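Everything on this sheet refers to the single structure shown next.
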Amino acid sequence: DQQVKQNSPSLSVQEGRISILNCDYTNSMFDYFLWYKKYPAEGPTFLISISSIKDKNEDGRFTVFLNKSAKHLSLHIVPSQPGDSAVYFCAASGAGTASKLTFGTGTRLQVTL
Amino acid sequence: KAGVTQTPRYLIKTRGQQVTLSCSPISGHRSVSWYQQTPGQGLQFLFEYFSETQRNKGNFPGRFSGRQFSNSRSEMNVSTLELGDSALYLCASSVKAGGFYNEQFFGPGTRLTVL
Chain R
1 DQQVKQNSPS LSVQEGRISI LNCDYTNSMF DYFLWYKKYP AEGPTFLISI SSIKDKNEDG
61 RFTVFLNKSA KHLSLHIVPS QPGDSAVYFC AASGAGTASK LTFGTGTRLQ VTL
Chain L
1 KAGVTQTPRY LIKTRGQQVT LSCSPISGHR SVSWYQQTPG QGLQFLFEYF SETQRNKGNF
61 PGRFSGRQFS NSRSEMNVST LELGDSALYL CASSVKAGGF YNEQFFGPGT RLTVL
C-alpha cells in the first residue's frame, strides 16, 4: 500500500523555466511533509518542508504548496538550473512519529540547457 | 560540522551470513533513523533510536535489528542474509526525536550486496 505517491517517474524542463513536481498521499494522519533531493551515490539532501497548518512555504527558488483537502503537495523550482537535475522524493510523517518518514517513489528531474 | 558518516560504504556478503553497519550522526544529534532503499520498494523506514532506546520501528522482520550507544552512534545488524536484503542502507540523524522542523540529515549510505 503506497501511502505517498509520485506518479511522474521523470520530468524534463528547460533551464530558466519552472519545474513542478507533484506528490499525493492517502494517509490523513500525515501532518508534516518534506522534499528531498538525491544525487547518485549520495544520501538524500533535505530541501524544504511544510506542516499541515500551512498551505505554502518558500525558501529561495523552492516553494512547496499543500492542498490538504486533495491530499496533494507540489514542489515548484523557479528558475530551474542544470544543477537541479536529480531525483526528488517527497516524504510525509504523522504527529508523534515525525522521525518516521514515508517516502514517495521519486521523480527524476532533468534540467536541459 | 561533519555530516553523517556511514561505514563501510560497500559490502558484499553471501546468503546466510550476518552483517553490521555503522552510523555516526552529526555532532549534537541524538536521534538516528535507518532506511532501506531498493529499486522495487523505494525508501523504507527501518527503525529510529533516541537516547539508546528504539522509538519507532518499520515493517521489517526480526532479522533486522539495531542499537544506539551513549555517544549517539548507531549500528544496525541483519542476520541470516537473504538475496532480497541487497539494498542501499541509509542512516539519518536529527537533533531530537520527532516534532516539526526537526529535519533528518542523511549519510551517503552503505551499499550491501548479497550473493
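These protein sequence lines are chains R and L, in that order. My numbering applies: residue 1 is where the first sequence begins, and numbers increase by one. My numbering applies: residue 1 is where the second sequence begins, and numbers increase by one. Note that the Cβ used here is the ideal one computed from N, Cα and C, for glycine as well. Note that the coordinates shown come from a computational prediction; the quantities given were computed from them, not determined experimentally.
Closer than 8 Å, Cβ to Cβ, to anything on chain L: give me those residues from the segment 44-61 of chain R, in chain order.
Listed by position, the residues of the segment 44-61 of chain R near chain L (Cβ gap below 8 Å) are Pro44, Thr45, Phe46, Ser49 and Ser51.
Along chain R, which residues have their Cβ under 7 Å away from the Cβ of Leu43 (chain L)?
Counting from one through the second sequence, the residue named residue 43 (chain L) turns up at place 43. Those are Phe89 and Phe103, listed as they occur along chain R.
So what does DSSP say about Gly94 (chain R), is it helix, strand or coil?
To locate residue 94 (chain R), count along the first sequence from 1; it is residue 94. Gly94 (chain R): strand per DSSP, three-state reduction.
Looking only at C-alpha atoms, which of L:Leu115, L:Tyr49 and L:Val114 sits nearest to Ser65 (chain L)?
One-based indexing of the second sequence puts residue 65 (chain L) at position 65. That would be L:Tyr49, whose Cα lies nearest to the Cα of Ser65 (chain L).
Terminal residues of the continuous beta strand (DSSP E) containing Ser65 (chain L)?
Counted from its first residue, the second sequence places residue 65 (chain L) at position 65. Ser65 (chain L) -> beta strand (DSSP E) spans Phe64 to Gln68.
Output, in chain order, the set of chain R residues within a Cβ distance shorter than 9 Å of Leu90 (chain L).
As a first step, residue 90 (chain L) is located in the second sequence; it is residue number 90 there, counting from the start. Per Cβ cutoff of 9 Å: Gly43 and Pro44.
Can you check the segment 2-76 of chain R for any beta strand (DSSP E) of at least 3 residues that lies completely inside it and give the ranges in chain order?
Those beta strand (DSSP E) runs which fall completely within the segment 2-76 of chain R and span 3+ residues are 10-14, 19-25, 30-38, 45-51, 56-59 and 62-67.
What does the alpha-carbon distance come out to for the pair Lys37 (chain R) and Thr7 (chain L)?
Residue mapping note: residue 37 (chain R) aligns to position 37 of the first sequence, counting from 1. Residue mapping note: residue 7 (chain L) aligns to position 7 of the second sequence, counting from 1. Roughly 22 Å separates the two Cα atoms.
Counting only C-beta atoms, is Gly16 (chain L) closer than 8 Å to chain R at any point?
To locate residue 16 (chain L), count along the second sequence from 1; it is residue 16. No, no contact with chain R.
Thinking Val87 (chain R) and Thr107 (chain R) are a contact (beta carbons under 8 Å), I'd like their distance in whole angstroms, please.
One-based indexing of the first sequence puts residue 87 (chain R) at position 87. One-based indexing of the first sequence puts residue 107 (chain R) at position 107. 7 Å between Cβ atoms; contact.
Which residues of chain L have a Cβ atom closer than 8 Å to the Cβ of Lys100 (chain R), listed in chain order?
Numbered from its first residue, the first sequence carries residue 100 (chain R) at position 100. The contacting residues are Ser33, Phe45, Glu48, Asn56 and Gly58.
Work out the CA separation of Cys91 (chain L) and Ala92 (chain R) for me, nearest whole Å.
If you number the first sequence from 1, residue 92 (chain R) lands on position 92. If you number the second sequence from 1, residue 91 (chain L) lands on position 91. So the alpha carbons of these two residues sit roughly 17 Å apart.
Which residues in chain R sit within 8 Å of Ser94 (chain L), going by Cβ to Cβ distance?
As a first step, residue 94 (chain L) must be located in the second sequence, where it is residue number 94. Here the neighbours are Ser99.
Should the segment 21-38 of chain L be regarded as contacting the segment 83-103 of chain L, the criterion being three or more beta carbon pairs within less than 8 Å?
Segments in contact, yes.
What does a CB cutoff of less than 7 Å around Phe60 (chain L) pick up in its chain, not counting 5 residues either side in sequence?
Numbered from its first residue, the second sequence carries residue 60 (chain L) at position 60. So the qualifying residues of the chain are Leu46.
List the endpoints of the continuous beta strand (DSSP E) containing Ala2 (chain L).
To locate residue 2 (chain L), count along the second sequence from 1; it is residue 2. Counting along the chain, Ala2 (chain L) falls outside any beta strand (DSSP E), and DSSP gives it neither H nor E.
With DSSP run on the structure shown, which of helix, strand or coil describes Leu88 (chain L)?
Reading the second sequence from its first residue, position 88 is the one you call residue 88 (chain L). Strand, per DSSP.
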